[in-house]
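Numbering of the sequence shown is given in this note's numbering, commencing with residue 101 and proceeding in unit increments.
In what follows, a single structure is set out as structure tokens and then discussed.
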Amino acid sequence: MTDDPSPAPGRDSSSSGDSSSVRSVIGSRLGIDPRALAAFRIALGIVILLDLLLLRVPGTVPFYTDAGVLPRSALAEVYPAFASASIHALSGSMWVQAVLFAVAGLFAVSLSLGYRTRLATFVSFVLLASLQARNPYVLNGGDTILTSFLFLGLFLPLGTRWSIDARRTARRRSREVTGDPERAGPGETEDGVTGDAAQVVSVATVTILAHIVLIYATNAVFKFQSEAWMNGIAVRRTMHLEQFVVLLGPSLSDLSTVLTAVNWLWIATLSAAPLLVLCSGKLRSAVVVAFVCTHLGMAATMRLGVFPFVLITGLLLFLPPEIWESIERSRARDALERIETSIRASRPRGSPLKSRSIPAITVPSATRRIGGLCASGLLVVVLLTLVFWQTAQVGLVDSPAPELEEDMGDVGWTFFAPNPPDASSGYVAEAKLESGKTIDLTHGGEATLDRPPNPAETFPTTLWKRYGTDMSHADESQYEPVLEYLCDRSDHEIEVLTIYYLEQPVGPDGPVDDPEALERITGTC
101 MTDDPSPAPG RDSSSSGDSS SVRSVIGSRL GIDPRALAAF RIALGIVILL DLLLLRVPGT
161 VPFYTDAGVL PRSALAEVYP AFASASIHAL SGSMWVQAVL FAVAGLFAVS LSLGYRTRLA
221 TFVSFVLLAS LQARNPYVLN GGDTILTSFL FLGLFLPLGT RWSIDARRTA RRRSREVTGD
281 PERAGPGETE DGVTGDAAQV VSVATVTILA HIVLIYATNA VFKFQSEAWM NGIAVRRTMH
341 LEQFVVLLGP SLSDLSTVLT AVNWLWIATL SAAPLLVLCS GKLRSAVVVA FVCTHLGMAA
401 TMRLGVFPFV LITGLLLFLP PEIWESIERS RARDALERIE TSIRASRPRG SPLKSRSIPA
461 ITVPSATRRI GGLCASGLLV VVLLTLVFWQ TAQVGLVDSP APELEEDMGD VGWTFFAPNP
521 PDASSGYVAE AKLESGKTID LTHGGEATLD RPPNPAETFP TTLWKRYGTD MSHADESQYE
581 PVLEYLCDRS DHEIEVLTIY YLEQPVGPDG PVDDPEALER ITGTC
């Protein structure tokens, strides 16, 4: 009896080829390269660090302590659920916030390096969500997107490449295969995976890719519903909003032809968002590059915090294997290898490089299967929720909680749509001194209500701008902590302090009307 190499009866040899082709098509569109996951992980950690160091740490006292503009009592009155859920709301002291920021920074570094990756992702997610709940007035859409990325990252293999975890795995396997901890086993790279970087395809990859595409596609629908965007004047008008425009922005505000072109290019780019999952290869890379260039333009012209860089981080997931292969060929050594090489060079010759190993925890296969099914089920619910929420935002289905949707406007993902802001704004804190003189506490000079104040003085930081924008139409009771904060930090003998919100309408060519002064609160210090 001899072996028959022909296919078994009833089976077509082409069927396996067809199924392989289908898997390849699905993998190239709904899968993620392991190196893209690694780059995504590294960028997440860096963005968290930048957010902490550049925005949150300088704003610790005014925005996250009881001595600031939103003490815990005020938070509990306006957002009781946030006050009870936030770890940062357990104390109103400066030093507790400093410790929490330091812990968040350490785990962000751990996330970037890929050390205890899943634990670092989880702690970073919890601390970031807690920080955002401590003061909802200083958030924008980038903050909520960053939180969602960390949550979905819990279900992705972020540490399989370019990480300390991967190298430790490689050493453990090499000891098992070769008995030599310095040499990788057969078919393994130093990152602890096989040489071929196969696409990772799972419910988690589908969810996070769909999440990003939905953000852009929904915004495209918003743009088409907007009169300002469809008339080509939205970007021109936005460039006259002094509370937003910084760096290169003021220089571009008078280039109407250029800004009109940018208006239509951004709409076209958003409309191409479905191509991120419908296409692969060079076309997909081109769409990614278009989005990245747009976000870099935002960062260079507008005060948006880490928002543009959060979305650039998400776009890394769409880059195809060819891009990562080119990057790997061009790099001489990765950062982790250079660190390891320097450690080897610094130790005495012949001294073994010892690493502390933690005993592996064996999880029964049945438990792993049940856990995997539960995780997949949770992700399906998350994906369906995202789809429903986004379609409700654009009006395709009725929103179950329209009042919540209104509250989420400032932290949503609408990108100045469908109705971009149409007024420059600022604040004047008019202080009447005991000497009879009247000054503006925010500017230091004479108080005047005939023009919007300089945003660089009214909003010295991104967090102050966000807070001022969110508070523009708040109740008088919500301004009481602001009044106390300004009084406590003033060197003047103030008799009466009045806070005004100034708003001046702008059009595509600049201001179109006189400013309006709206009194928000008056009190004594």
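The beta-carbon is built from N, C-alpha and C at its ideal position, and this holds for glycine as well.
Measure the alpha-carbon distance for residue i versus residue j and round it to whole angstroms.
| i | j | result |
| --- | --- | --- |
| L155 | F163 | 11 Å |
| C379 | S572 | 44 Å |
| L227 | T538 | 43 Å |
| L383 | V223 | 37 Å |
| V178 | E576 | 13 Å |
| T624 | T244 | 37 Å |
| G305 | A529 | Sequence inspection shows Thr at residue 305; the Gly mentioned does not correspond to that position. Going from the Cα of T305 to the Cα of A529 covers about 50 Å. |
| P615 | L541 | 20 Å |
| R220 | L549 | Per the sequence shown, residue 220 should be read as Ala rather than Arg. Roughly 50 Å between the two C-alpha positions. |
| Y585 | V392 | 40 Å |
| S457 | S590 | With a pLDDT of only 46 at S457, under 50, the local geometry of the prediction cannot be trusted, and no value is derived from it. |
| A350 | T491 | Before going further, note that residue 350 is Pro rather than Ala in the sequence given. Roughly 35 Å separates the two Cα atoms. |
| L419 | S426 | 12 Å |
| S525 | E580 | 20 Å |
| G397 | S353 | 14 Å |
| S210 | R218 | 10 Å |
| R271 | I312 | 36 Å |
| F324 | P520 | 13 Å |
| V203 | D570 | 29 Å |
| P107 | A208 | Model confidence at P107 stands at a pLDDT of 48, short of 50, so the residue's coordinates are unreliable; what they give is reported in the following sentence. Near 54 Å, if we compare the C-alpha coordinates of A208 and P107. |
| I470 | T269 | 24 Å |
| Q232 | S371 | 31 Å |
| N331 | L602 | 27 Å |
Kindly list the residues whose CB is nearer than 6 Å to the CB of residue i, restricted to its own chain and excluding five residues on each side of it in sequence; keep chain order.
| i | result |
| --- | --- |
| S326 | A517 and P518 |
| R234 | Y164, S186, H188 and A189 |
| H592 | L533 |
| R336 | S356, L359 and P608 |
| T622 | T598 |
| D291 | Confidence at D291 is low in this model, with a pLDDT of 45, below 50, so its placement is unreliable and the value that follows should be read with caution. If we look at D291 and ignore the five residues flanking it on each side, its Cβ neighbours are R261 and A266. |
Evaluate residue i with the Cβ neighbour count: other Cβ atoms within 10 Å of its Cβ, from every protein chain shown; 16 or more gives buried, anything less gives exposed.
| i | result |
| --- | --- |
| H340 | buried |
| T260 | buried |
| D265 | buried |
| A400 | exposed |
| D133 | buried |
| L583 | buried |
| T318 | buried |
| I274 | Here residue 274 turns out to be Ser, not Ile, going by the sequence shown. Flag for S274 reads buried. |
| E546 | exposed |
| G544 | exposed |
| I594 | buried |
| S124 | exposed |
| P553 | buried |
| G168 | buried |
Considering only C-alpha positions, which residue in the set the options is nearest to residue i?
| i | options | result |
| --- | --- | --- |
| V406 | P180, N240, G127 and L130 | N240 |
| V619 | I599, C625, V612 and G214 | A small correction: the amino acid at residue 619 is Glu; Val does not occupy that position in the sequence shown. Nearest C-alpha to E619: I599. |
| A523 | Q604, L484 and F222 | Q604 |
| V596 | V482, G536 and V612 | G536 |
| R429 | W329, R135 and P611 | R135 |
| W329 | L175, T360 and T217 | T360 |
| L411 | R129, A143 and S121 | A143 |
| V314 | L254, P555, L375 and A229 | The sequence given here has Leu at residue 314, not Val. Per the Cα distances, L375. |
| S212 | V157, Q578 and G253 | G253 |
What does a CB cutoff of less than 7 Å around residue i pick up in its chain, not counting 5 residues either side in sequence?
| i | result |
| --- | --- |
| G205 | L149 and L152 |
| R403 | F344, V346, T562 and K565 |
| R172 | D166, A183, A189 and G192 |
| R369 | Here residue 369 turns out to be Thr, not Arg, going by the sequence shown. Counting only Cβ-Cβ distances below 7 Å, and skipping sequence neighbours, we find A390, F391 and T394. |
| V612 | P605 and V606 |
Beta-carbon separation of residue i and residue j under 8 Å?
| i | j | result |
| --- | --- | --- |
| T514 | F322 | yes |
| Y237 | L170 | yes |
| V377 | L486 | no |
| W366 | T394 | yes |
| G145 | F249 | no |
| V300 | I126 | no |
| N363 | A334 | yes |
| L417 | F140 | yes |
| L483 | T307 | yes |
| V303 | V480 | yes |
| A629 | A373 | No statement about residue 629 is possible, as the shown extent of the chain runs from 101 to 625 and does not include it. |
| F409 | V147 | yes |
| T247 | M194 | no |
| P555 | E342 | yes |
| A475 | F251 | no |
Say whether chain C places a C-beta atom closer than 8 Å to the C-beta of residue i.
| i | result |
| --- | --- |
| A328 | Among the chains of the structure shown, chain C does not appear; only one protein chain is present. |
Report all residues from its chain with a CB closer than 8 Å to the CB of residue i; omit the five preceding and five following residues, and keep chain order.
| i | result |
| --- | --- |
| P257 | P134, L137 and V300 |
| R216 | S210 and D265 |
| S128 | Q299, S380, G381 and P420 |
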